[in-house]
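The structure appears right after this line, and notes come after that.
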Amino acid sequence: MTRGKEQQSEEEDGRQEETAPENQDQTGHSGSFLGFVLLDECSLQADQLKAELLQEWGIQVEEDEEAEGESSDDDTSPDHDSYVWNIGNMIAAVSLMPAPVPDDEAVQNAANNYMWPEAVETAGKHTAHLLVAVMNQGESPIDAGNLFVKLCCVCLKQEHAIGLYTSGTVFQPQFYLEAAQMLKDGGLPVLNLIYFGLYQGEHGMCGYTYGMTAFGREEIEVLDSEADFQQIREFLFNVVYYCLDSGVELHDGETIGFTEDQKLRISRSEGAAVEGYSLKINL
């Protein structure tokens, strides 16, 4: 991966700075992750969840770290449905919610998953959900994201789990679990943390990321490209992996490329398919 700075006049630099103010809302909550595991029956086997956290990921949670305010110490109690654990400098939480995700939000966003034709139908069958959250209190956003993926994986192994609503779409359990193997291979589980949207624009193919703001970054878009959807998706994946793995931040006016000769211009402006400002790469 190569990066460079595109030459510009001082007048152009000033104009860009004036018209593209920093979007504080997008970058103010880095390291916090939220997802909803869709259930076709209101059920949470807490002992199984804790056992798989330990067996699969080496994470041991203490009994006294369960959420306060429960009516019983018995995990099988119908009132015993919320758990909060301190893991490193992070807070992890799992709560059983005895109702579908409000406002039909999960079903509507399931339509975004172009890799799972049955996503909308499957999401429509959920009657309850597990709220899964990781709040960072001092670790890197990468560590918080990795913990979130591990937590979602063990929740998806619950008997009644049928999907995971996060990053603007609903993931198929099998896909999510297989993608998370990247963690065990020492890599970043980018496909678990970032959704890559694709759509046909007026003048070409377009793509965007959803999830970069959790890492304190702006989303990345490719607009009206002559590349096909597969090429755009692979390109965005490689750029995201490069940025998160190496800690590199892209800026307005730079260029980026995968060869010495490739110099793709980066610009920053109001998002086309995402909220706030985004970085556009001219692919």
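At position 60 of the sequence shown the residue is numbered 60 (full-length UniProt numbering), and the sequence of numbers has no breaks.
All C-beta atoms, glycine included, are put in the ideal place defined by N, C-alpha and C.
In this text the structure is predicted, and so the values were computed from the model without any measurement.
Start and end residues, alpha helix (DSSP H) containing residue i
| i | result |
| --- | --- |
| Leu246 | The amino acid at residue 246 is misidentified as Leu; the sequence shows Ser. Per DSSP, Ser246 belongs to the alpha helix (DSSP H) from Phe229 to Ser246. |
| Thr209 | Looking at the DSSP string, Thr209 is not in any alpha helix (DSSP H); the run it does join, the beta strand (DSSP E), is Met205 to Tyr210. |
| Glu105 | Glu105 to Ala110 |
| Asp143 | Pro141 to Leu156 |
Collapsed DSSP secondary structure at residue i in the structure displayed
| i | result |
| --- | --- |
| Asp47 | helix |
| Gly187 | coil |
| Thr122 | helix |
| Glu254 | strand |
| Glu52 | helix |
| Ala92 | strand |
| Asn282 | coil |
| Trp116 | coil |
| Thr127 | coil |
| Ala133 | strand |
| Thr166 | strand |
| Ser77 | Because the pLDDT of Ser77 is 42, which lies under 50, any placement of that residue in the model is unreliable, and the number read from its coordinates should be weighed accordingly. Coil. |
| Ala214 | helix |
Best match in the options for proximity to residue i [C-alpha to C-alpha]
| i | options | result |
| --- | --- | --- |
| Lys184 | Gly58, Gln48 and Asp40 | Gly58 |
| Lys50 | Ser30, Gly124, Val101 and Lys150 | Lys150 |
| Gly267 | Asp261, Phe258 and Tyr277 | It is worth fixing the name first, because residue 267 is Ser in this sequence and not Gly. It is Tyr277. |
| Leu96 | Phe36, Asn238 and Glu226 | Phe36 |
| residue 341 | Pro100, Cys153 and Gly207 | In the structure as shown, the chain begins at 1 and stops at 283. Residue 341 is therefore absent and cannot be evaluated. |
| Gly257 | Asp245, Gln48, Ala273 and Leu236 | Leu236 |
| Val107 | Val120, Ile220 and Ile142 | Val120 |
| Pro189 | Gln55, Phe148 and Glu202 | Phe148 |
| Ser43 | Ala99, Ala92 and Asp143 | Ala99 |
| Asp245 | Ala128, Glu41 and Ile142 | Ile142 |
| Leu156 | His129, Glu202 and Leu264 | His129 |
| Met205 | Ile281, Ser269, Phe175 and Asp103 | Ile281 |
| Asp47 | Gln262, Asp81, Asn86 and Thr209 | Asp81 |
| Arg265 | Glu118, Leu39, Glu221 and Ile91 | Glu221 |
| His126 | Ser32, Phe229, Asp228 and Leu38 | Leu38 |
N- and C-terminal bounds of the beta strand (DSSP E) containing residue i
| i | result |
| --- | --- |
| Tyr176 | Here Tyr176 belongs to no beta strand (DSSP E); instead the alpha helix (DSSP H) covers Pro173 to Ala179. |
| Leu38 | Phe33 to Leu39 |
| Glu221 | Ile220 to Ser225 |
| Ile266 | Leu264 to Glu270 |
| Ser30 | Counting along the chain, Ser30 falls outside any beta strand (DSSP E), and DSSP gives it neither H nor E. |
| Val84 | Ser82 to Ile87 |
| Gln60 | Counting along the chain, Gln60 falls outside any beta strand (DSSP E), and DSSP gives it neither H nor E. |
| Gly197 | Tyr195 to Gln200 |
Distance between residue j and residue i (C-alpha atoms, nearest Å)
| i | j | result |
| --- | --- | --- |
| Asn113 | Ser167 | 11 Å |
| Glu139 | Pro173 | 27 Å |
| Val94 | Ala161 | 14 Å |
| Val84 | Glu62 | 10 Å |
| Glu249 | Cys243 | 6 Å |
| Leu223 | Leu283 | 8 Å |
| Glu52 | Gln158 | 10 Å |
| Gly271 | Leu279 | 8 Å |
| Phe215 | Asn146 | 12 Å |
| Gly247 | Tyr195 | 19 Å |
| Gln200 | Ala273 | 11 Å |
| Ala179 | Gly253 | 33 Å |
| Ala111 | Leu198 | 12 Å |
| Ser30 | Glu275 | 16 Å |
| Gly187 | Glu105 | 31 Å |
| Trp116 | Phe171 | 8 Å |
| Met212 | Glu219 | 5 Å |
| Thr259 | Glu226 | 19 Å |
| Leu164 | Val240 | 21 Å |
| Asp73 | His251 | In this prediction, Asp73 has a pLDDT of 45, which is less than 50 and means its spatial position is unreliable; nothing more can be read from the coordinates. |
| Leu56 | Asn136 | The residue you asked about is not Leu; residue 56 is Glu in the sequence shown. Cα-Cα distance, rounded: 22 Å. |
| Glu234 | Val132 | 28 Å |
| Ser269 | Arg217 | 14 Å |
| Asp103 | Asn109 | 11 Å |
CB contact below 9 Å: residue i versus chain B
| i | result |
| --- | --- |
| Ala179 | Protein chain content of the structure displayed is limited to a single chain, and chain B is not contained in it. |
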